[in-house]
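End of the sequence shown = 178 in the UniProt record's numbering, gap-free, step of one.
Glycine included, C-beta positions come from ideal geometry on N, C-alpha and C.
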Amino acid sequence: MKTEDIKTVLINSNYDIALTSKELSDNVVSVPRTPAWVEEIIEFRRPNGILLSFGKETALNCGVKLHEEGILQKYSCNILGTPIQSIQITIDRCLFTQKMSDIGEKVVPHKVVESLEEALISAEQFGYPVVVRATFPESQRISCYVDNREGLISLVPSILTDLSHSLIDKSQSSIDKS
Numbered sequence: 001m002k003t004e005d006i007k008t009v010l011i012n013s014n015y016d017i018a019l020t021s022k023e024l025s026d027n028v029v030s031v032p033r034t035p036a037w038v039e040e041i042i043e044f045r046r047p048n049g050i051l052l053s054f055g056k057e058t059a060l061n062c063g064v065k066l067h068e069e070g071i072l073q074k075y076s077c078n079i080l081g082t083p084i085q086s087i088q089i090t091i092d093r094c095l096f097t098q099k100m101s102d103i104g105e106k107v108v109p110h111k112v113v114e115s116l117e118e119a120l121i122s123a124e125q126f127g128y129p130v131v132v133r134a135t136f137p138e139s140q141r142i143s144c145y146v147d148n149r150e151g152l153i154s155l156v157p158s159i160l161t162d163l164s165h166s167l168i169d170k171s172q173s174s175i176d177k178s
């Protein structure tokens with residue numbers, strides 16, 4: 001972008017890398033890549049746009065949060081490159097699996113569940129073992145292998161206290177054996 005005379009600000013929380021990245025950007029800022037810090041930089045620098053695809057999962061999650069909280073709109077800062085809806089789909093396993101299924105791609109048999117009862121029904125339909133997957137706020141993800149009803153009963157309620165839904169997958173190991 002520098003060769004196109006587009007002014008850039010690189011945010012990198014690693015101070016050593018930030019120091020050696022000055023040739024990549026007009027401004028290099030070494031701060032944590034959190035919505036609060038990035039908002040301060042957007043407020044001060046007033047960029048026209050932001051690229052989220054260069055900072056791995058941390059940048060993607062930060063950008064989604066900035067979008068959802070209306071911060072990007074507040075400062076008229078556009079997301080450049082990958083559309084925010086596509087990013088949201090890729091970081092939410094339930095949305096991603098559903099989208100792949102919608103376009104006809106083969107996916108492991110799965111079901112989005114919102115209650116323990118739905119989880120138990122899905123697991124019975126798939127047959128044990130199953131994998132319980134969830135994405136928590138701040139992108140914490142879990143995948144738990146569950147090989148019986150009792151394990152599912154002990155796991156799912158704790159997930160659903162923090163989330164509205166979870167994903168139950170047929171375990172790949174059970175697919176391979178059939």
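Take D169 and list the residues in its own chain whose beta-carbon comes closer than 6 Å to its own, dropping the five residues that flank it on each side. V108, H110, V131
Coarse secondary structure for R33, derived from DSSP in three states: Looking at R33 - three-state DSSP - the assignment turns out to be coil, as it is neither helix nor strand.
How big is the Cα-Cα spacing for Y75 and Q88? 21 Å
Measure from the alpha carbon of Y145 to the alpha carbon of each residue in L167, A59, Q125, then state which is nearest. L167
Work out the CA separation of V112 and A123 for me, nearest whole Å. 11 Å
For the beta strand (DSSP E) that contains N61, what are its first and last residues? Element bounds for N61: not the beta strand (DSSP E) but the alpha helix (DSSP H), 56-68.
With which residues is C144 paired in a DSSP beta bridge? V132
Using the rule of at least 16 other Cβ atoms within 10 Å of the residue's Cβ for burial, across every protein chain shown, is S171 buried or exposed? buried
So who's on the other strand from V108, going by DSSP bridges? Residue pairing of V108 in beta bridges, as defined by DSSP: absent, with no partner found.
With a threshold of 6 Å on Cβ separation, who are the neighbours of L52 within its own chain once the five nearest residues in sequence on each side are excluded? A59, L60, G63
Going by the DSSP bridge assignment, what does residue 226 pair with across the sheet? Since the first residue shown for the chain is 1 and the last is 178, residue 226 is missing from the structure and cannot be characterised.
Report the rounded CA-to-CA distance for F96 versus R133, giving the unit in angstroms. 12 Å
Taking just the CA atoms, how far does G104 sit from V156? 29 Å
Answer yes or no: do L72 and L66 have a C-beta to C-beta separation smaller than 8 Å? yes
Just to check my reading of the structure: C94 and I50 have Cβ atoms closer than 8 Å, yes? What is that Cβ distance to the nearest angstrom? A Cβ-Cβ separation of about 26 Å leaves C94 out of contact with I50 under the 8 Å criterion.
Just confirm the distance between the C-beta atoms of V28 and N12, as a whole number of angstroms; I'd bet it's less than 8 Å. 7 Å
Distance between beta carbons of E69 and P35, contact taken as under 8 Å: 7 Å
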